[in-house]
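Residues -29 to -1, 1 to 384 in mature numbering (1 follows the signal peptide of the UniProt record, and there is no 0) are what the sequence shown lists, from first letter to last. We put the CB at the ideal spot given by N, CA and C, even for glycine. Predicted model, so just to flag it, every value in this text is computed and none were measured. Following: one structure in structure tokens, then a few remarks.
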Amino acid sequence: MKNTNTALRTHTYGLLVFISLAASGVAHASATLEATYTTGINNGWQKIERWRDNSGHIGNESFPADGRGNQSGQRATFFASNQPSSAQFLLYHAPGWDSNSRQTPVLLIHGANQDADLAWANPNEAGSYGCGRQNCPSQGLMQALANDDYKVFALNLAHKNGDGFIWAEQIANAIAQVKNKTGATQVDLVTWSKSAFNARMYISSLTNAWSTKFNSDVRKLVMLGAPNNGIDWSFRHGVNHTYGAYSQCGGSINGPTAHDQILCFGLWYSSSEWVYDSSYFPGSAQMLKALDDKYALPTTEQDWYTTYYGGLGFVSKGRGIAAFTVNSLVDQVRSAGTDSSVQVYNLCGDQADMAFIHNEHTGPSDGVVFISSCIDSTGISNLAGSAVVATNHLELGWEPSAINQIKNWLSAP
């Protein structure tokens, strides 16, 4: 998704919440309320709370030293830091969260390099093109669902590219709080890209030994642009993405690249901080999968071969995708299988037309994720629906046809 800002260097911590054990031996999510905000809130939200996971197993994750991964705007205010601990999360409350009448509350969960505001309430917060097209609306799915009588909440994660196990645990924490607030026994999840992958981990009980297993608390999981069979976008297109990330080359994208070295402005630069095993991007390698057996690589793009398979090219040097797929969780997620009680939906886009980004063009895609990966149903025990709409990856959460499809799925029995 979109890029942002931040600094520091710590270490990435494993997983989440092991809190109280029930008689069944199942770990249950638990968090402590740190702060509540009801004034000075932008983008139409009614209340925002800051929570902290109680397990003691989630600590600080590393942020890029130049600030590109930092929390900004009102998120920094409500986190009380622009580099919050990954043990913290924000729970946004939409108007009507405590009064709307639809029985099952909806929890919205943003993707990588997004936040609850940009993704769900104000796609125009980042300005032109931040939403996937030149002119962005000032309202989004949050308002559409709240106006349709849903009790709507949104989770804002602390780290924009955090460990997927941490995201999965914080999803469990947020679900527990939404249930407590509404009295509901189950919650519907609407997830986008990375969070879809991590929410699927939760409902598949793909966790560490001390983490929260699925607690039968999700009725429906709606996934937008999910890399269900992985993604190899950054390795597939030579040096195109790398120049956008390396600060020495003028880049500022908050995401990992395929290269340890790059030639720009006549000089070679080496940097381990912008690659897939950097501590800045622990959740990214978890979604990697080589797909060159399905879609041919673009042989006209600079250093295409060495970028994908490793080696020294004309203007770059990298280790290749195989060096990083050892950290992938894609096949584990597909093998784990979703709980059969959860109705799962895949919403995918087919427009590879995001501005200022090298879109995925070697096969049908939304510009980032191949449609075949998004629509892949391997391991989904209860696939309740799939659809492809005329949007790119960044439009899936707010474009009218996408919103209508989401609403249709949520309202179905």
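Check                                                                                                                        : Outcome
Continuous beta strand (DSSP E) assignments of at least 3 residues falling wholly in the stretch 197 to 268                  : 230 to 235 and 238 to 241
Inter-stretch contact at 8 Å, needing at least 3 Cβ pairs: the stretch 157 to 175 / the stretch 298 to 312                   : yes
Whole-number beta carbon distance between Leu160 and Leu78, since they are thought to touch under 8 Å                        : 5 Å
Cα-Cα separation between Gln376 and Tyr276, rounded to whole angstroms                                                       : 40 Å
The stretch 142 to 150 in contact with the stretch 86 to 105 per 3-pair CB rule at 8 Å                                       : no
Beta-carbon contacts of Lys360 that lie in its chain and below 8 Å, excluding the five residues immediately before and after : It should be pointed out that residue 360 corresponds to Val in this sequence rather than to Lys. Here the set comprises Leu318, Cys319, Gly320, Asp321, Leu367, Glu370, Ser372, Ala373 and Gln376.
Buried versus exposed call for Thr3 [16 or more other C-beta atoms within 10 Å across all chains shown]                      : exposed
Entirely enclosed alpha helix (DSSP H) segments - the stretch 10 to 53, minimum 4 residues                                   : 44 to 50
Beta-carbon proximity list for Asn200, same chain, < 6 Å, skipping 5 on both sides                                           : Ser344 and Asp347
CB of Ala326 within 8 Å of CB of Phe295, strictly                                                                            : no
From Gly289, Pro198, Asp248 and Ala(-1), residue whose alpha carbon lies closest to that of Thr178                           : Ala(-1)
Cα-Cα separation, Ile19 to Ala125                                                                                            : 9 Å
Ala6 versus Val297 - alpha carbon distance                                                                                   : 39 Å
Stretch-stretch touch, CB-based, cutoff 8 Å, three pairs: the stretch 34 to 52 with the stretch 78 to 93                     : yes
Contact belief for Ser250 with Ser56 at Cβ below 8 Å, rounded distance in angstroms                                          : The pair is not a contact, with the Cβ atoms about 15 Å apart (cut-off 8 Å).
Per-residue burial, Thr333 [other beta carbons within 10 Å of its own, 16 or more giving buried]                             : buried
Cβ-Cβ separation, His364 to Ser164 (assumed contact under 8 Å), whole Å                                                      : 7 Å
Length of the line joining the Cα atoms of Arg39 and Tyr217                                                                  : 12 Å
Close beta carbons around Gln157, own chain, < 7 Å, minus the five adjacent residues each side                               : Thr75, Asp188, Val189 and Arg190
Ser166 classed as buried or exposed, judged by whether at least 16 other C-beta atoms fall within 10 angstroms               : buried
Asn127 - partner residues in DSSP beta bridges                                                                               : Leu61
Pro35 to Pro384 span [Cα, whole Å]                                                                                           : 45 Å
Straight-line gap, Ala323 to Ser205 (C-alpha atoms, nearest Å)                                                               : 15 Å
Alpha-carbon spacing of Pro66 relative to Thr10, whole angstroms                                                             : 13 Å
Under 8 Å between C-beta atoms of Thr228 and Val246                                                                          : yes
Buried or exposed (CB count within 10 angstroms, at least 16 for buried), Phe49                                              : buried
Opening and closing residue of the alpha helix (DSSP H) in which Ser375 lies                                                 : First, the residue type needs correcting, since residue 375 is Asn and not Ser in the sequence shown. Run containing Asn375: Pro371 to Ser382, per the alpha helix (DSSP H) assignment.
For Gly82, three-class secondary structure by DSSP                                                                           : coil
Check whether Gly308 and Ser357 have beta carbons under 8 Å apart                                                            : no
C-beta contact flag for Asp337 and Leu259 at 8 Å                                                                             : no
With 16 other Cβ atoms within 10 Å as the buried cut-off, status of Ala(-8)                                                  : Low local confidence applies: a pLDDT of 33 at Ala(-8) is under 50, so the model's placement there is unreliable, with the coordinate-based value given in what follows. So Ala(-8) counts as exposed.
Selected residue, minimal CA-CA separation from Gly209, among Lys288, Gly221, Glu244 and Lys131                              : Lys288
Identity of the residues DSSP links to residue 385 by a beta bridge                                                          : There is no way to answer for residue 385, as the model of the chain reaches only from -29 to 384.
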